[in-house]
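Below: one structure, written as structure tokens.
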Amino acid sequence: MDNTNITISSTPHIRSGESIQSIMRDVIIALLPATVMGIVYFRLQALLLIVISIAAAVIAEALYQKGTKQKVTISDLSAVVTGLLLAMNIPSSAPWWVPIVGSVFAIVIAKQLFGGLGQNFVNPALAGRAFLLASYPTIMTSWVTPGADAVSTATPLALLKAGSFDQLPSLTDAFLGNIGGTIGETCALALIIGGIYLIWRGVISWRIPVIYIVTVFVLTALIGRNGVRMPIYELCTGGLMLGAFFMATDYATSPVTAKGQIIMAVGCGLLTTLIRIFGGYPEGVSYSILIMNLCVPLIERYTKPTIFGALPKEAKKA
Amino acid sequence: METLTFKRGVHPPDGKALTKDIPIKVILPKENSELFFPMSQHIGAPAQPIVQVGDHVKVGQKIAEAGGFVSSPIFASISGEVVEVGRPVLTPGGAMSPSIVIKNDGLMTEYEGMAQRDYTTMTNEEILAAIKEGGVVGLGGAGFPTQVKLAPPPGTKIDHVLVNAAECEPYLTCDYRLMLEETDKLVKGLQIVLKLHPEAKGVIGIEDNKPEAIAKLKEACKDIPNIEVATLKAKFPQGSEKHLIKAITGREVLSGALPASAGCIVDNVDTIISIYNAVALGRPIMRRVVTVTGGAPANPGNYQIRIGMTFKDLMEQIGGFKVAPAKMIAGGPMMGPTMYTTDVATVKTSSALLCLTPEEAYIPEESNCIRCGKCVDHCPMGLMPLELNALILRGDGEGFVKNHGLDCIECGSCSYICPAKRQLAQSIRATKKIEAGKKAAAAAAARAKAEAEKKAAEAAK
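Which chain is which? The protein sequence lines are L and G, in order.
Residues in the first sequence are numbered from 22 upward in steps of one, following the working numbering.
Residues in the second sequence are numbered from 71 upward in steps of one, following the working numbering.
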């Protein structure tokens, strides 16, 4: 048979159905409950910031790739994820241009300048948030109460830091997200549902989120704040759930090895607790993840899996 | 019963439903067709022709002698006239091999030398000789001469003879059909091997997606004290020799070592049946069961063909293609080489002809590695394919070797699972060849240097 349309290629000849796009789609689906709760609590302003943030991230990626004559890869949905995650990290009271600045920084500086998808060494959304926090500290730490009134308030973590235990919202409110905070971080329940979805779909491993959260739980239970120990309450406040399930698990900036993921998670938990209790900021999730991002190459170097049929050490020397 | 397995690996869709319930059908080569017998259809030295142009040969007659210790003889699978000796013919792996060409007279006259034997009274030497003279090689794909494998160096203690009945490659069902249809030969063949290694236990390892085969062999072995049937979890690459040993015995064959070092001999289903044919019936390897499958063939199924027939001849007899194939694979989709024509001679190790439609053969575009780590999570050898791929792209061959790139078994699990569709296994395979070549060249250069120095020293004396 003479068929000139025959493909000759190296093995394997079949590929799994999973793609970057399907993974990113799963991350977006997992973020939906928290997004919806953010809009429920912080109303139209939250929706507006989310839409602007996503649009800015996607447009920034497309323009950068066009300008540098690369293939435009916005259809892989990774820019959508970055834009959405950044919006989750912004207070609902922020002006409209804040997510644009953050998204452009995240996509162009943190992601594309280092080689694009998978090549960035820090999480783009977190880098965007850190940039905004350093540039506009007042805007980025002005919190409002959920609901139509949106009067200014303090986050539970700030209250804890100040020792104002009597003004704290109830644990139920903290768990459901009816507290001050960024758009997407307040509803622990919605974030846990999204995280479980990602683990169930095999997009992320349980190791980083579970070990991160457990580390914070154990350390806050041990250390306490001036003798007050409320570890479960601390887990439900601040950006811990968002960070543990959606930020620390970012593929590009977390170890690929199982042992490495455990080290990364313990490191994140340790730094978060230390910053929260002893640091100058009330919250330390973003910075601890960013710091651990920088340690990933080193962690990976020392946590390589043992190969099948590895020779015993003595035999190797001989 | 407990389901045995190994760490990591992948679960590709198995595609076996296309052919698994279709009984083996016998296909004879057409009268006056030419059959091709490549001299290299095993690992080791090519066989040496012992017939001449014009000779008339019969079914089962030896036409080429083993070309060395690690080699295997070749037999005529039909009767007819030798029309050419040494013609280069395309083999399924893509190499051209000098071949004997025989024109089929269609009579299928049998060679007189083939006679039944009572293997229970044969000595080990006689059994090994019969296996060698039966042209038996590893039919799972490697084609290593079986008589060499069955006689490990003195002092090696063999306590397990494993039958590799995992058939983990998607689409393939030829071993499965043989287990159902030639159960008795398989069990007796294993008993012959166990006669050579009386202290060993025989274990037939079958994946749990073949419950009928497990039941049938369990029934057949129930009164045989030294043979067991082990149920393995269906997972690719369970049929890898090292991973079969790991799953069944818990032992790890060390990097660079052979199964015998872990006390194991592993043979494929069809190899064991061929041992029975060679020893008990005196019939050498002349036939084999080929799974013809995929979306393109009109009539997928399992066909018992005569070795030396071309795939073209086979396809013509079974109704050809319903869709023009976009890719033709001699073997399974994970590890089988592709062919650009069906004008290729079948050889002893031809287990399948997988013909894919354009949709099935689609190769997705590569994108950036997103470092999801799935290749690391699934590599059965515990390697980091993403890192090896990055080293290759950087041209760092030394780093590739240092990070155990040469331990890769080329199963393709990394490329299969990669969501960025990167050519991981493909790049690793190519680099393994380059680096292994460099290693061999360096060793040869060192030897030559040592010799030259020795000569120079002698001359100085």
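From the three backbone atoms N, C-alpha and C, an ideal C-beta is built for every residue, glycine too.
At the 9 Å Cβ level, is residue i part of the contact set with chain L, yes or no?
i, result
"glutamate 539(G)", "The structure shown does not extend to residue 539(G), since chain G spans only 71 to 531, so no value can be given for it."
"valine 127(G)", "no"
"glutamine 493(G)", "yes"
"alanine 456(G)", "A quick correction: the sequence has leucine, not alanine, at residue 456(G). With 9 Å as the cut-off, leucine 456(G) counts as an interface residue toward chain L."
"leucine 324(G)", "yes"
"isoleucine 335(G)", "no"
"histidine 166(G)", "Here residue 166(G) is methionine; the residue named in the question, histidine, does not match the sequence. Judged by the 9 Å Cβ criterion, methionine 166(G) is not in contact with chain L."
"isoleucine 462(G)", "no"
"leucine 453(G)", "yes"
"glycine 406(G)", "yes"
"cysteine 488(G)", "yes"
"tyrosine 410(G)", "yes"
"histidine 474(G)", "yes"
"serine 483(G)", "yes"
"isoleucine 399(G)", "yes"
"glutamate 480(G)", "yes"
"aspartate 278(G)", "no"
"threonine 75(G)", "no"
"alanine 330(G)", "no"
"glutamate 72(G)", "no"
"alanine 185(G)", "no"
"valine 471(G)", "no"
Let me see if you follow: with CB-CB separation under 9 Å, is residue i close to chain G or not?
i, result
"threonine 294(L)", "no"
"threonine 28(L)", "yes"
"arginine 222(L)", "no"
"alanine 286(L)", "no"
"isoleucine 35(L)", "yes"
"serine 31(L)", "yes"
"isoleucine 232(L)", "no"
"isoleucine 41(L)", "yes"
"leucine 163(L)", "Here the sequence assigns serine to residue 163(L), which means leucine is not the residue at that position. Not closer than 9 Å to any Cβ of chain G, the Cβ of serine 163(L) fails to qualify, so no."
"serine 226(L)", "yes"
"methionine 22(L)", "Here the model assigns methionine 22(L) a pLDDT of 47, short of 50, so the residue's position is not dependable and the matter cannot be decided."
Considering only the beta carbon of each residue, do residue i and residue j sit closer than 9 Å?
i, j, result
"glycine 260(L)", "glutamate 206(L)", "yes"
"isoleucine 133(G)", "proline 99(G)", "no"
"arginine 247(G)", "isoleucine 94(G)", "yes"
"tyrosine 189(G)", "leucine 88(G)", "no"
"glycine 467(G)", "lysine 508(G)", "yes"
"cysteine 289(L)", "alanine 265(L)", "yes"
"glycine 443(G)", "leucine 453(G)", "no"
"alanine 83(L)", "alanine 100(L)", "yes"
"isoleucine 170(G)", "glycine 156(G)", "yes"
"leucine 189(L)", "leucine 180(L)", "yes"
"valine 360(G)", "asparagine 369(G)", "no"
"alanine 78(L)", "serine 124(L)", "yes"
Would you verify that the beta carbon of residue i is, or is not, closer than 9 Å to some beta carbon of chain B?
i, result
"isoleucine 44(L)", "Any reference to chain B falls outside this structure, whose protein chains are L and G."
Residues within the region 344-369 of chain G neighbouring chain L, beta-carbon criterion of under 9 Å
Against chain L - using a Cβ distance shorter than 9 Å - the region 344-369 of chain G contributes no residues.
Can you list the alpha helix (DSSP H) stretches of 4 or more residues lying completely in the region 204-289 of chain G, in chain order?
Runs of the alpha helix (DSSP H) inside the region 204-289 of chain G: 216-220, 244-251 and 253-266.
Inter-stretch contact (C-beta, 8 Å, three-pair minimum) for the region 299-309 of chain G and the region 303-316 of chain L
The region 299-309 of chain G, when compared against the region 303-316 of chain L, does not touch it at the 8 Å Cβ threshold.
Does the region 412-426 of chain G touch the region 151-167 of chain G, meaning 3 or more C-beta pairs lie closer than 8 Å?
A contact exists between the region 151-167 of chain G and the region 412-426 of chain G.
Taking the runs of the alpha helix (DSSP H) that are 4 residues or longer, which of them lie wholly in the region 90-130 of chain G?
Taking only runs of at least 4 residues, no alpha helix (DSSP H) segment lies wholly in the region 90-130 of chain G.
Can you give me, in chain order, the residues of the region 130-151 of chain L that have a beta carbon less than 8 Å from any beta carbon in chain G?
Using a CB distance below 8 Å, the part of the region 130-151 of chain L facing chain G consists of Gly136, Gly137, Leu138, Gly139 and Gln140, ordered along the chain.
Between the region 417-443 of chain G and chain L, which residues of the former have CB atoms less than 9 Å from a CB of the latter, in chain order?
For the region 417-443 of chain G, the residues whose beta carbon sits under 9 Å from a beta carbon of chain L are, in order, Leu424, Leu426, Pro428, Glu430, Ala431, Tyr432, Ile433, Pro434, Ser437, Asn438, Cys439, Ile440, Arg441, Cys442 and Gly443.
Taking only runs that begin and end inside the region 264-314 of chain L, name each unbroken beta strand (DSSP E) of 3 or more residues, in chain order.
Within the region 264-314 of chain L, not a single complete beta strand (DSSP E) segment reaches 3 residues in length.
Considering only residues of the region 24-90 of chain L, which uninterrupted alpha helix (DSSP H) runs meet the minimum length of 4 residues and lie entirely inside it, listed in chain order?
Listed in chain order, they are 41-88.
Closer than 7 Å, Cβ to any Cβ of chain L: which residues of the region 494-507 of chain G, in chain order?
Flagged, chain order: Ala495, Gln496 and Arg499.
Which ranges would you report for the alpha helix (DSSP H) in the region 397-484 of chain G if only whole runs of at least 4 residues count?
Taking only runs of at least 4 residues, the alpha helix (DSSP H) segments lying wholly in the region 397-484 of chain G are 444-448, 455-463 and 467-472.
Are at least three pairs of beta-carbons, each pair with one atom in the region 355-371 of chain G and one in the region 187-201 of chain G, less than 8 Å apart?
They do not touch, by the three-pair rule.
Chain G contacts made by the region 318-334 of chain L, where a contact means CB separation under 9 Å
If the cut-off is 9 Å between Cβ atoms, the region 318-334 of chain L has Glu321, Lys325, Pro326, Thr327, Ile328, Phe329, Gly330, Ala331, Leu332 and Pro333 near chain G.
Three-pair Cβ contact test at 8 Å for the region 99-115 of chain G versus the region 325-334 of chain L:
Touching, no.
Using 8 Å as the Cβ pair cut-off and three pairs as the minimum, do the region 64-83 of chain L and the region 173-181 of chain L touch?
These segments do not touch.
Mind listing, in chain order, the continuous beta strand (DSSP E) runs of no fewer than 3 residues lying wholly within the region 84-132 of chain L?
Whole beta strand (DSSP E) segments, 3+ residues: zero.
At a CB distance below 7 Å, what residues from the region 260-279 of chain L approach chain G? Give them in sequence order.
Under the 7 Å Cβ criterion, the region 260-279 of chain L contributes Tyr272, Ala273, Val277 and Thr278.
Using Cβ-Cβ distances below 8 Å, what residues of the region 81-98 of chain L are close to chain G?
Going along the region 81-98 of chain L in chain order, one finds Thr94 and Asp97 with a Cβ nearer than 8 Å to chain G.
In chain order, what residues of the region 84-110 of chain G put their CB closer than 9 Å to some CB of chain L?
Those residues of the region 84-110 of chain G that come within reach of chain L (Cβ to Cβ, closer than 9 Å) are Gly85.
Give the residues from the region 208-222 of chain G that approach chain L closer than 8 Å (Cβ to any Cβ), ordered along the chain.
The residues in question: there are none.
What are the complete beta strand (DSSP E) segments, minimum 3 residues, inside the region 341-403 of chain G?
Runs found: 357-363, 371-376 and 397-399.
Within the chosen definition, does the region 252-266 of chain G reach the region 333-353 of chain G through at least 3 CB pairs nearer than 8 Å?
The region 252-266 of chain G is in contact with the region 333-353 of chain G.
For the 8 Å Cβ check, are there 3 or more pairs between the region 427-435 of chain G and the region 388-404 of chain G?
With three or more CB-CB distances shorter than 8 Å, the region 427-435 of chain G counts as touching the region 388-404 of chain G.
Entirely enclosed alpha helix (DSSP H) segments - the region 156-243 of chain L, minimum 4 residues
Whole alpha helix (DSSP H) segments, 4+ residues: 158-161, 177-183, 192-197 and 209-221.
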